[in-house]
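Numbering (my numbering), first residue to last: 4 to 130. Heads up, the beta-carbon is just placed ideally off N, CA and C, and yes, glycines get one too. Working notes, structure below.
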């Protein structure tokens with residue numbers, strides 16, 4: 004009986020995590036990677052183009068002037084990845100508001116991305 008109850012709870016937690024990660028205002032948005040702001044993340048998948056979003060501790064827009072700014076990020080890795088203005092808008096991940104900061108074009112596997120800004124809590128990369 005205990006083993007069945009434990010299995011049920013495990014399945015419920017997995018379902019909750021999948022639901023939280025797939026919740027978004029933008030239809031079809033898929034999270035590829037995330038990290039604490041200021042840290043470097045490496046994207047393992049290669050969608051070609053990906054959006055960079057940031058969040059803040061209090062849910063407010065942490066971007067300077069409330070607008071995208073690709074200059075706050077650096078990108079390096081194979082190929083010739085480059086940062087541009089994001090084509091996707093703001094989004095949500097569960098209860099977390101995500102603010103579009105930049106877009107990475109010509110994304111290949113193993114590209115590293117770092118974004119720095121006052122008030123950033125987390126950085127998310129997806130498409």
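Using a threshold of 8 angstroms, state whether the C-beta atoms of residue i and residue j are closer than that.
| i | j | result |
| --- | --- | --- |
| residue 76 | residue 104 | yes |
| residue 55 | residue 107 | yes |
| residue 85 | residue 109 | yes |
| residue 53 | residue 44 | no |
| residue 125 | residue 78 | no |
| residue 68 | residue 100 | no |
Can you tell me the Cα-Cα spacing of residue i and residue j, whole angstroms?
| i | j | result |
| --- | --- | --- |
| residue 87 | residue 40 | 19 angstroms |
| residue 93 | residue 117 | 19 angstroms |
| residue 127 | residue 102 | 9 angstroms |
| residue 81 | residue 38 | 21 angstroms |
| residue 98 | residue 90 | 22 angstroms |
| residue 122 | residue 72 | 14 angstroms |
Go ahead and pull the three-state DSSP assignment for residue i.
| i | result |
| --- | --- |
| residue 86 | strand |
| residue 47 | coil |
| residue 129 | strand |
Compute the beta-carbon to beta-carbon distance between residue i and residue j, rounded to the nearest angstrom, for a pair I have assumed lies under 8 angstroms.
| i | j | result |
| --- | --- | --- |
| residue 47 | residue 129 | Their Cβ separation, rounded to whole angstroms, is 13 angstroms, which puts residue 47 and residue 129 out of contact at 8 angstroms. |
| residue 59 | residue 50 | Rounded, the Cβ-Cβ distance is 26 angstroms, inconsistent with contact. |
Closest to residue i by CA distance: which of the options is it?
| i | options | result |
| --- | --- | --- |
| residue 120 | 61, 74 and 62 | 74 |
| residue 111 | 90, 83, 98 and 100 | 83 |
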